[in-house]
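Each remark here refers to the structure printed beneath this line.
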Amino acid sequence: MKERTMDKLQTDAKLLGRLQSFQKISLIVGVLALIVLAAGFFLDTEHFFAAYLVGWVFWIQVALGGLLLLLIQNTVGGRWGLVIQRISEAATMTLPLLAVLFLVILIGIPHLYHWADADAVAHDTLLQAKAPYLNVPFFIVRAVIYFVIWIGAAYLLRKWSAQLDDNPDDADLRKKLRNLSAPGILIFGFTVTFASVDWMMSLEPHWYSTIYGMTFGVSAMAAGFAFAVVLVMWLLKFKPWSEVVLPLDVSDLGNWLLASIMLWAYLVFSQFLIIWSANLPEETTWYLARTQGGWQWVAIINVTLHFFLPFFFLLARGTKRAPGRLFKIAALVLIMRFADLVWRIIPAFSPGKLTFPWLSVVAWIAIGGLFMTVFFQQLTKANFFPTYDSRLAVHAEKEEATSHVS
Numbered sequence: 052m053k054e055r056t057m058d059k060l061q062t063d064a065k066l067l068g069r070l071q072s073f074q075k076i077s078l079i080v081g082v083l084a085l086i087v088l089a090a091g092f093f094l095d096t097e098h099f100f101a102a103y104l105v106g107w108v109f110w111i112q113v114a115l116g117g118l119l120l121l122l123i124q125n126t127v128g129g130r131w132g133l134v135i136q137r138i139s140e141a142a143t144m145t146l147p148l149l150a151v152l153f154l155v156i157l158i159g160i161p162h163l164y165h166w167a168d169a170d171a172v173a174h175d176t177l178l179q180a181k182a183p184y185l186n187v188p189f190f191i192v193r194a195v196i197y198f199v200i201w202i203g204a205a206y207l208l209r210k211w212s213a214q215l216d217d218n219p220d221d222a223d224l225r226k227k228l229r230n231l232s233a234p235g236i237l238i239f240g241f242t243v244t245f246a247s248v249d250w251m252m253s254l255e256p257h258w259y260s261t262i263y264g265m266t267f268g269v270s271a272m273a274a275g276f277a278f279a280v281v282l283v284m285w286l287l288k289f290k291p292w293s294e295v296v297l298p299l300d301v302s303d304l305g306n307w308l309l310a311s312i313m314l315w316a317y318l319v320f321s322q323f324l325i326i327w328s329a330n331l332p333e334e335t336t337w338y339l340a341r342t343q344g345g346w347q348w349v350a351i352i353n354v355t356l357h358f359f360l361p362f363f364f365l366l367a368r369g370t371k372r373a374p375g376r377l378f379k380i381a382a383l384v385l386i387m388r389f390a391d392l393v394w395r396i397i398p399a400f401s402p403g404k405l406t407f408p409w410l411s412v413v414a415w416i417a418i419g420g421l422f423m424t425v426f427f428q429q430l431t432k433a434n435f436f437p438t439y440d441s442r443l444a445v446h447a448e449k450e451e452a453t454s455h456v457s
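Residue numbers for the sequence shown, in the working numbering: 52 to 457.
As structure tokens, this is what we get:
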């Protein structure tokens with residue numbers, strides 16, 4: 052059977068060694084950065100939790116982006132999804148770690164969220180009106196619900212996918228994946244919308260945007276996809292990736308990356324255009340804090356490097372078919388996802404005053420080191436590809452499939 056041809060693929064011994072080395076390095080870097088981050092708590096307690104929130108949200112967007120891509124792949128299919136499936140699965144397996152790291156944010160609620168200050172609420176009519184939703188107990192309950200749903204979905208998708216590797220003809224398992232994934236996309240949309248309101252938009256509780264949740268979800272998809280593309284482009288140097296991934300697959304990944312940043316840009320511009328045209332004081336304050344005191348340059352750089360530069364490069368077919376170029380573009384998108392979060396979160400605490408977010412960078416490295424440690428461990432626990440799918444197996448024995456990585 053075609054599915055069985057995937058079992059003949061061999062894994063480059065150098066690859067396993069590299070992944071194990073990266074896992075150890077990630078752990079060491081993460082622990083060292085955590086020590087620096089802990090020192091930062093005492094050196095700059097006022098901005099510690101905001102910086103931590105930036106780093107934490109970045110990595111949970113990568114994990115949630117992987118979850119969304121898995122849900123889409125199991126619903127609509129496509130070789131592009133099979134190529135990144137095990138990378139996305141490994142990324143979602145970091146959600147329990149991120150749930151534990153969320154405890155730091157819970158500790159920092161009084162420092163992060165104005166609505167958690169009882170005195171402030173007592174003197175603010177608007178906060179009193181929002182109090183039934185914006186209160187600490189309900190905030191925690193909602194977070195628990197989000198993580199239970201996300202971790203549960205990620206666990207089942209990973210479990211059933213691994214079982215299909217051993218039982219490729221099990222139609223019930225395939226049906227389970229589809230039945231979970233289709234409604235899962237809708238549930239994902241609801242949960243990330245509420246999560247974005249809780250964790251980010253409520254940093255400034257007097258401001259609101261009805262498109263904020265969708266922007267958060269699309270940002271997560273862009274982060275998850277850019278992360279997967281970076282990994283795939285590097286893994287093409289090794290077997291079995293060099294034997295399975297075709298030039299057309301590389302091009303498809305480039306197209307999907309292009310689509311994700313275009314959708315992100317569309318939503319960001321739509322929000323700006325609507326608020327600019329309405330010109331209401333309660334809405335414009337959010338942009339005023341982010342377009343003064345130097346933050347306007349961050350906004351310009353963000354739009355230029357997050358959208359315009361990748362957009363024009365990814366329009367070229369040659370870029371989308373060149374793993375080296377695509378690697379650089381995807382890495383740039385990942386970096387700009389971090390810059391975008393800095394621009395969105397930090398001005399809530401330092402409006403109109405741009406300072407280098409060194410503590411945010413440290414938090415990003417610290418959490419990222421732990422994230423990558425778990426990621427590499429999970430990536431090596433299962434087959435690098437879903438061996439049960441014939442759409443990959445049909446190409447596995449073609450020698451010319453490796454020509455694009457020579």
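Ideal Cβ positions, reconstructed from N, Cα and C, are used throughout, including at glycine.
- For Phe362, same chain residues with a beta-carbon under 8 angstroms away, outside a window of 5 residues either side, are Leu309, Ile312, Met313, Ala316 in chain order.
- Following the DSSP letters along the chain, one finds Trp285 inside the alpha helix (DSSP H) bounded by residues 263-286.
- For Tyr338, the enclosing alpha helix (DSSP H) starts and ends at 332-339.
- Here the C-alpha atom of Ala414 lies approximately 28 angstroms from the C-alpha atom of Gly68.
- Contact between Leu254 and Ile111 is absent: CB atoms are separated by about 16 angstroms, not below the 8 angstroms threshold.
- The DSSP assignment places 409-430, 441-444 as complete runs of the alpha helix (DSSP H) inside the stretch 389-447, in order along the chain (cut-off: 4 residues).
- The beta carbon of Leu208 sits closer than 6 angstroms to those of Leu121, all from its chain and outside the five residues before and after it, given in chain order.
- Between Phe239 and Leu119, the gap from beta carbon to beta carbon is short of 8 angstroms.
- When secondary structure is reduced to three states using DSSP, Thr242 falls in the helix class.
- When secondary structure is reduced to three states using DSSP, Phe364 falls in the helix class.
- Shown here, Pro188 sits in a helix according to DSSP, grouped into three states.
- Of the candidates Asp220, Val349, Leu154, Leu154 places its Cα closest to the Cα of Val192.
- Put simply, of Asp217, Ile202, Leu224 the residue whose alpha carbon is nearest the alpha carbon of Thr242 is Ile202.
- Straight-line measurement puts the Cα of Ala150 at about 11 angstroms from the Cα of Ile196.
- Distance from the CA atom of Ala274 to the CA atom of Val301, rounded to whole angstroms, is 17 angstroms.
- Ile380 counts as buried, since at least 16 other C-beta atoms from the protein chains shown sit within 10 angstroms of its C-beta.
- The stretch 405-421 makes contact with the stretch 77-96; the number of CB pairs closer than 8 angstroms reaches 3 or more.
- Take Gly159, set aside five residues on each side of it, and the residues of its chain with a beta-carbon closer than 6 angstroms to its own are Phe100, in chain order.
- A Cβ-Cβ distance of about 5 angstroms is found for the pair Pro398 and Arg341, placing them in contact under the 8 angstroms criterion.
- Spatial neighbours of Leu405 in its own chain (CB-CB distance under 8 angstroms, excluding positions within 5 residues in sequence) are listed in chain order as Gly344, Gly345, Trp346, Trp348, Val349.
- 8 angstroms or more divides the Cβ of Val295 from the Cβ of Ile138.
- Distance from the CA atom of Ala390 to the CA atom of Val425, rounded to whole angstroms, is 24 angstroms.
- Cβ contact annotation for Lys181 (same chain, cutoff 8 angstroms, sequence separation greater than five): Trp166, Pro256, in chain order.
- Contact annotation: Leu304 and Val280 have beta-carbon atoms nearer than 8 angstroms.
- For Trp394, the closest of Ala382, Pro408, Val384, Leu385 by C-alpha to C-alpha distance is Pro408.
- Taking all protein chains shown into account, Arg388 has 16 or more neighbouring C-beta atoms within 10 Å of its C-beta and is therefore buried.
- Thr96 carries a helical assignment under DSSP once its states are collapsed to helix, strand and coil.
- A contact between stretches requires three or more CB pairs, one per stretch, nearer than 8 angstroms, and the stretch 228-235 fails this requirement with the stretch 161-179.
- Judged by DSSP in its simplified three-state form, Lys379 adopts helix.
- Pairing Phe358 with Trp307 gives a Cβ-Cβ distance that is not under 8 angstroms.
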